[in-house]
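Those letters in the sequence shown? Residues 20 to 139, by this note's numbering.
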Amino acid sequence: MTKTILGFGTAVCSLAAVALLSSPAKASQGAVRSFEIRGDQFAFSPSRIEVQKDDVVKVSFTAVDIAHSFTMDGAYRIAKRASPGQTVTFEFRANGSERFYCNLNQDERCKEMHGELVVK
20 MTKTILGFGT
30 AVCSLAAVAL
40 LSSPAKASQG
50 AVRSFEIRGD
60 QFAFSPSRIE
70 VQKDDVVKVS
80 FTAVDIAHSF
90 TMDGAYRIAK
100 RASPGQTVTF
110 EFRANGSERF
120 YCNLNQDERC
130 KEMHGELVVK
């Protein structure tokens, strides 16, 4: 009886090893894409960034002249505020295209600040 159990255990271990070795590789997670975005004179520069789905997007956002924010509603739910001369850095995984904007209301022209994240 002991031989049968040991033989069965060896067979199970062998099958598990074969299954692990023959399984497909895990899908890659995407590249890290870094962007320096400036908020200045009521505009984003650049105002359009393009990435691939599942890329990790690293943004260094700098407010140049007055306080500005980098905001994306929807799935991302990001709102980062930077004071004049300050840089705020943050990351997120790209999963869909979305507009970004300044959500501050210190000047009526803040509402004109728009940009676009394009995910291919």
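Each residue gets a CB set at the ideal place from its N, CA and C atoms; glycine is no exception.
Is residue i buried or exposed, if buried means 16 or more other CB atoms sit within 10 Å of its CB?
| i | result |
| --- | --- |
| Asp74 | buried |
| Val70 | buried |
| Phe104 | Checking the sequence shown, residue 104 turns out to be Gly, not Phe. Counting Cβ neighbours within 10 Å, Gly104 comes out exposed, since fewer than 16 surround it. |
| Lys45 | Any answer about Lys45 is weak, because its pLDDT of 41 lies below 50 and its placement is not dependable; what the coordinates show is given next. It is exposed - the Cβ of Lys45 has fewer than 16 other Cβ atoms within 10 Å. |
What residues in its chain sit with their C-beta under 6 Å from that of residue i, if we drop five residues either side in the sequence?
| i | result |
| --- | --- |
| Val137 | Glu69, Ser116 |
| Ile97 | Met91 |
Cα separation between residue i and residue j?
| i | j | result |
| --- | --- | --- |
| Met132 | Phe63 | 6 Å |
| Arg52 | Cys121 | 22 Å |
| Arg102 | Asn124 | The sequence shown places Ser at residue 102, not Arg. Taking the straight line joining both Cα atoms gives about 14 Å. |
| Val83 | Phe61 | 10 Å |
| Lys130 | Ile85 | 14 Å |
| Phe89 | Gly49 | 23 Å |
| Lys139 | Asp126 | 34 Å |
Tell whether a beta-carbon distance below 8 Å holds between residue i and residue j.
| i | j | result |
| --- | --- | --- |
| Met91 | Phe119 | yes |
| Lys77 | Ala113 | no |
| Gly134 | His87 | no |
| Lys99 | Phe109 | yes |
I'd like the span of the beta strand (DSSP E) that includes residue i, first residue to last.
| i | result |
| --- | --- |
| Glu69 | 67–70 |
| Lys99 | 97–101 |
| Ala82 | 75–82 |
For residue i, verify whether its CB is less than 7 Å away from any heavy atom of the ligand MG.
| i | result |
| --- | --- |
| Val76 | The ligand MG is not part of the structure shown, which contains no ligands of any sort. |
Skipping 5 residues on each side, what residues in its chain have a beta carbon closer than 8 Å to that of residue i?
| i | result |
| --- | --- |
| Ala94 | Asn114, Gly115, Glu117 |
| Arg128 | Phe61 |
Might you give, ordered along the chain, the residues of its own chain that have their beta carbon closer than 7 Å to the beta carbon of residue i, omitting 5 neighbours on each side?
| i | result |
| --- | --- |
| Pro65 | Ile56 |
| Val107 | Phe80, Lys99, Ala101 |
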